[in-house]
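Here is the structure we will look at.
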DNA sequence: TTGTAGGCGTTATCAT
DNA sequence: ATGATAACGCCTACAA
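Chains as they are written, first to last, in the working numbering: chain A, 263 to 596; chain B, 263 to 596.
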């Protein structure tokens, strides 16, 4: 049987209030009683029941984390940041996998707030409007990951995807590329990575390079799809000199396809990615990519949610973290 | 303000017990009252407070998951299995990152059981004896992942690492290799992967191939270390014809080194891995490796812990899942 | 079938 | 400084 505060009180010959006081040092307790109670807590191995505590305090010290795929390379690194900082503030993390499915997301959003989590860190591939409305109405504070939601009033943290894509496209152009394919995530405006398209477009326009719609395709976050797209470029005989993939994984899909079909990377085709997941520097050739401070994204997100929980003001509703273009072996000047 | 069972009772003009009964269908309720209460629950959006419920039921419907590194490729895939099956049984997952540090592990083990989790899925790189003793004494049920603990009375799930390594070594030998390096994880007997060494040894012995201690090194789970080891083989002029790494990631470290130094894989050196993480078939050359049913390992583990929670008997204390040697492009006959 | 009341383990507000 | 006691929201004998 678990020992409770009552047991301790009884054995110490004091009231439970006193025991509570020494546990929480919420009010002064005479040092001899403090001694006694402490030693009894020690010997009985008493630990306060956090559930009972939550009930009266109305605080669960739980933060829900909703992600579309735990095993995703990018997300795993973010989770590290979330978990570590959460623990630092004495919060535990409840992890939920949504598969990016809208219904699952709403279901879990409900479930979590019913479970009395104090806040929710939310990440998804596609932030549909329905979801935004839903979240805005929730009482539990939510922060979004990897979403520039200046227009929304939901706090969020991410890099400046638009600018990063703009820089990457410029980099390719400055290295002599004109036929630059873009492998986007999805068609949807509300999907993760839409800003990349805008950045790409702007760079091309500024350099007066006409946009070739045939070179803009959708990889749906999948390595395999990206592989197929690249194969299509080959088959359709429109292989560009550079491929800009919206994620490192899709960049690798493209490179794999190229290598499998006898093309040299980067000698014949430059391929660049986005995110700089660990894999980007493990894979050969190393990926030229946009470095995101992935761990920090998680860390900042959970810090924001904790601030929201404590009703502290956020410096800014959207936190934009710095990115960096990293040139490695998968791209070259032509 | 959150609506409680009292509010519902009041508005329905019944007692809270009646409301409780319709929520849990624990006892018969006349259909008209049932109607009424239901509709009020509907319109108020009442949701039972799981914390209050936990307190009286002494069940939190929470399962703790302790892993050494969330962002590890192998672990991410396991988490998918854990999360999905957990949800299926209406359990939530509390995720903790231990970094494989003994003190952290013990700390979290305590923390979790204090948090009233009903069970714990535990994974670590090094299962020190101290930890085993500790776990055996815990009241909260624990199941170990990826550990053949026939000798322990702690339930566990994994593949037959010994047999898998034996098969892999045999495979290499049958393909003409005699100089086979083994990149182990760590020196420790209690570390994850010790059985691989035994399997390797047995295969060599059976084929009367003398064991060359210079070819057995320790990569400590790290790609970088494995890279360095391979570099050492080159520098010391003892590069074998085959390298058997205890993990896919370390196999990739070895291959990267080989490629960087102008060696052809698999033409000059065969390199094989272990685990078959997603990356194994993404990386080029594709890795010959031991396939583990990674998702299932997580799924089985959580099923076991749920059985333990419900005090149902386990068919077996150790669950050994099937593995498979997958031959891909990183190895060849010589 | 329905309601009353006690209890789950804490914290917090009163008195004392 | 210490001790009763009332919450917190829910479940469950027991009574009616």
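In this text, a Cβ means the ideal position worked out from N, Cα and C, and glycines have one as well.
Any beta-carbon of chain A closer than 8 angstroms to the one on residue i?
| i | result |
| --- | --- |
| residue 308 of chain B | no |
| residue 376 of chain B | yes |
| residue 514 of chain B | yes |
| residue 587 of chain B | no |
| residue 521 of chain B | yes |
| residue 541 of chain B | yes |
Relative to the C-alpha of residue i, which candidate in the options has its C-alpha closest?
| i | options | result |
| --- | --- | --- |
| residue 545 of chain B | A/565, A/512, A/561 | A/512 |
| residue 432 of chain B | B/396, B/470, B/415 | B/470 |
| residue 505 of chain A | A/361, A/419, A/528 | A/528 |
| residue 510 of chain B | B/340, B/517, B/536 | B/536 |
| residue 371 of chain A | A/326, A/277, A/352 | A/326 |
| residue 455 of chain B | B/479, B/468, B/593 | B/479 |
| residue 264 of chain B | B/369, B/294, B/309 | B/309 |
| residue 440 of chain B | B/476, B/475, B/503 | B/503 |
| residue 284 of chain A | A/273, A/275, A/296 | A/296 |
| residue 447 of chain B | B/345, B/467, B/386 | B/386 |
| residue 581 of chain B | B/418, B/492, B/465, B/589 | B/418 |
| residue 532 of chain B | B/351, B/435, B/367, B/568 | B/435 |
| residue 539 of chain B | A/495, A/334, A/557, A/273 | A/334 |
| residue 507 of chain B | B/492, B/499, B/497, B/563 | B/492 |
| residue 407 of chain A | A/428, A/383, A/401 | A/383 |
| residue 305 of chain A | A/330, A/405, A/274 | A/274 |
| residue 315 of chain B | A/356, A/281, A/377 | A/377 |
Per DSSP, which residues does residue i bridge with? Please list them.
| i | result |
| --- | --- |
| residue 354 of chain A | A/324 |
| residue 388 of chain B | B/453 |
| residue 295 of chain B | None; residue 295 of chain B has no bridge partner. |
| residue 407 of chain B | B/419 |
| residue 581 of chain A | A/419 |
| residue 329 of chain A | A/359 |
| residue 506 of chain B | B/444, B/534 |
| residue 478 of chain A | A/444 |
Determine the extent of the beta strand (DSSP E) in which residue i is found, giving its start and end residues.
| i | result |
| --- | --- |
| residue 553 of chain A | 551-553 |
| residue 419 of chain A | 418-421 |
With 8 angstroms as the threshold, decide whether the Cβ of residue i is near any Cβ in chain B.
| i | result |
| --- | --- |
| residue 546 of chain A | yes |
| residue 313 of chain A | yes |
| residue 501 of chain A | no |
| residue 328 of chain A | no |
The ligand HEM and residue i: does the residue's C-beta get closer than 7 angstroms to at least one heavy atom of that ligand?
| i | result |
| --- | --- |
| residue 495 of chain A | Ligands are entirely absent from the displayed structure, and the ligand HEM is therefore not among its contents. |
Starting from residue i, find everything on chain B with Cβ-Cβ shorter than 8 angstroms and list it in chain order.
| i | result |
| --- | --- |
| residue 504 of chain A | Those do not exist, as residue 504 of chain A stays about 20 angstroms from chain B at its closest Cβ, beyond 8 angstroms. |
| residue 322 of chain A | 313 |
| residue 549 of chain A | By Cβ distance, chain B contributes nothing, its closest Cβ being about 12 angstroms from residue 549 of chain A, past 8 angstroms. |
What residues of chain A sit near residue i, judged by a beta carbon separation below 7 angstroms?
| i | result |
| --- | --- |
| residue 332 of chain B | 338, 341, 342, 345 |
| residue 354 of chain B | 356, 377 |
| residue 316 of chain B | 313 |
Could you tell me which chain A residues have their CB closer than 8 angstroms to the CB of residue i, listed as they occur along the chain?
| i | result |
| --- | --- |
| residue 518 of chain B | 544, 546 |
| residue 583 of chain B | Residues of chain A passing the Cβ test: none, with the nearest at roughly 18 angstroms. |
| residue 364 of chain B | Here the premise fails: no neighbours, minimum Cβ distance about 17 angstroms. |
Span of the alpha helix (DSSP H) holding residue i?
| i | result |
| --- | --- |
| residue 483 of chain A | Residue 483 of chain A -> no alpha helix (DSSP H), and no H or E assigned at all. |
| residue 586 of chain A | Not the alpha helix (DSSP H): residue 586 of chain A falls in the beta strand (DSSP E), residues 586-588. |
| residue 532 of chain B | Segment 532-534 is the beta strand (DSSP E) holding residue 532 of chain B; no alpha helix (DSSP H) there. |
| residue 380 of chain A | Taken as a continuous stretch (DSSP letters only), residue 380 of chain A belongs to no alpha helix (DSSP H), as it is neither H nor E. |
| residue 545 of chain B | Careful: residue 545 of chain B lies outside any alpha helix (DSSP H) and carries neither H nor E. |
| residue 282 of chain B | 278-286 |
| residue 315 of chain A | 312-319 |
| residue 570 of chain B | 556-571 |
| residue 527 of chain A | It is not in any alpha helix (DSSP H) - residue 527 of chain A carries neither H nor E in the DSSP assignment. |
| residue 273 of chain B | 267-274 |
Under 7 angstroms between beta-carbons, which chain B residues line up against residue i? List them in chain order, please.
| i | result |
| --- | --- |
| residue 359 of chain A | 342, 345, 346 |
| residue 485 of chain A | 544 |
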